[in-house]
Amino acid sequence: MPSYWGELPGQSQPARGPGDLMPGVGEMRAVEVKEPPLHQPSAVHKPPFTELPPEQCNLTIHTIQLAQHVRRLRSMLQLVQAQQATQDVTIEDPSYPPLPQEPPPPESFDEQRTPGPLSFTPRDPDSEFMRGFGETPSELSSASCWQLLRKAVGTVCAHSGWESANESALDTLTDVAHEYSMTFCRSLRTAVDQEARTGTTDFPDVMEQVFHEMGVGSITSLQQFWQTRMVEYHAFLQGQSRQLAEEYERVTEYHAFLQGQFEVWLSTKTGHFVGWKLLNL
Numbered sequence: 001m002p003s004y005w006g007e008l009p010g011q012s013q014p015a016r017g018p019g020d021l022m023p024g025v026g027e028m029r030a031v032e033v034k035e036p037p038l039h040q041p042s043a044v045h046k047p048p049f050t051e052l053p054p055e056q057c058n059l060t061i062h063t064i065q066l067a068q069h070v071r072r073l074r075s076m077l078q079l080v081q082a083q084q085a086t087q088d089v090t091i092e093d094p095s096y097p098p099l100p101q102e103p104p105p106p107e108s109f110d111e112q113r114t115p116g117p118l119s120f121t122p123r124d125p126d127s128e129f130m131r132g133f134g135e136t137p138s139e140l141s142s143a144s145c146w147q148l149l150r151k152a153v154g155t156v157c158a159h160s161g162w163e164s165a166n167e168s169a170l171d172t173l174t175d176v177a178h179e180y181s182m183t184f185c186r187s188l189r190t191a192v193d194q195e196a197r198t199g200t201t202d203f204p205d206v207m208e209q210v211f212h213e214m215g216v217g218s219i220t221s222l223q224q225f226w227q228t229r230m231v232e233y234h235a236f237l238q239g240q241s242r243q244l245a246e247e248y249e250r251v252t253e254y255h256a257f258l259q260g261q262f263e264v265w266l267s268t269k270t271g272h273f274v275g276w277k278l279l280n281l
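What follows is the structure, given as structure tokens:
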């Protein structure tokens, strides 16, 4: 049979379906079910996302307690002075509130060996930290981070002398601290990438660079802040607490002394009056 140009070749066999091209497609087979792999818990402890780190340092907590104690002593001293100004000396046994005790320092607190925020120990390449060993850092969720940051902001406010704060004000300060932390971390990420790309930096390290970019200054400013605002401020509150306690005792004892002098004078006058009566009998 002659063929012409453009003519399609005739089909000598019937058309094949997908089953002919791919054997086994149309067959019904049972689905293979695999058992889930057995979970083997790791021996390394990883804290849950909701577990918060421990409390703040003992120096900060004791400083806040001292500030509250100083405010209480100052209000008591003003109350006693106002009471003495309007009270008659002849009143026996005036009722004065007892002097509250100074909050004791925590058991693990040592004034002479208070650790600073920076560690100036030399780098040890053979340490466990440099070799990648040690405890696993705590991994927190966003809600736990927010709760921790809010608690830190409240601690800073209490350390600065504020007795109370509104919820909205505390949330606003927490937002400001969160935004500052995010900006600091972005700047640190950029500085680290730039140092890895160029191999050099104009500062001793990237942390020093970010501190200058954020307006903090040198990294030694942290050590200076710790010494002046934390250690020296704690010592100042301790001295102020002792000074107010001594002044409170002096004011109350002076009033007792005046009362004793009045009783001596009154007994002397009474004795003279009784003697004059006996002489005129």
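Mapping to the UniProt record's numbering: the sequence shown position 11 is 11, numbers consecutive. Cβ coordinates follow ideal geometry from the N, Cα and C atoms, glycine included. Remember, it's a predicted structure, so these values are computed and weren't measured experimentally.
Beta carbon of residue i nearer than 8 Å to that of residue j
{"i": "Ile-219", "j": "Ala-158", "result": "no"}
{"i": "Tyr-96", "j": "Val-70", "result": "no"}
{"i": "Ser-241", "j": "Met-214", "result": "no"}
{"i": "Leu-77", "j": "Tyr-248", "result": "yes"}
{"i": "Thr-174", "j": "Leu-148", "result": "no"}
{"i": "His-62", "j": "Pro-100", "result": "no"}
{"i": "Phe-225", "j": "His-212", "result": "no"}
Element boundaries [alpha helix (DSSP H), containing residue i]
{"i": "residue 286", "result": "What is shown of the chain runs 1 to 281, which leaves residue 286 out entirely."}
{"i": "Gly-154", "result": "142-159"}
{"i": "Ala-85", "result": "58-86"}
{"i": "Ala-169", "result": "167-198"}
{"i": "Gln-209", "result": "206-213"}
{"i": "Leu-222", "result": "220-225"}
Buried versus exposed call for residue i [16 or more other C-beta atoms within 10 Å across all chains shown]
{"i": "Leu-66", "result": "buried"}
{"i": "Val-31", "result": "exposed"}
{"i": "Val-210", "result": "buried"}
{"i": "Ala-245", "result": "buried"}
{"i": "Val-153", "result": "buried"}
{"i": "Ala-191", "result": "buried"}
{"i": "residue 287", "result": "With the chain represented from 1 up to 281, any question about residue 287 goes unanswered, as that position is not in the structure."}
{"i": "Phe-49", "result": "Annotation note: pLDDT 48 at Phe-49 (below 50); position unreliable, coordinate value reported separately. Exposed, because fewer than 16 other Cβ atoms sit within 10 Å of the Cβ of Phe-49."}
{"i": "Asp-93", "result": "Residue confidence for Asp-93 is low, a pLDDT of 49 falling below 50, so the modelled location carries little weight and cannot support an answer."}
Presumed contact (8 Å Cβ cut-off) between residue i and residue j, rounded CB distance
{"i": "Thr-155", "j": "Thr-60", "result": "6 Å"}
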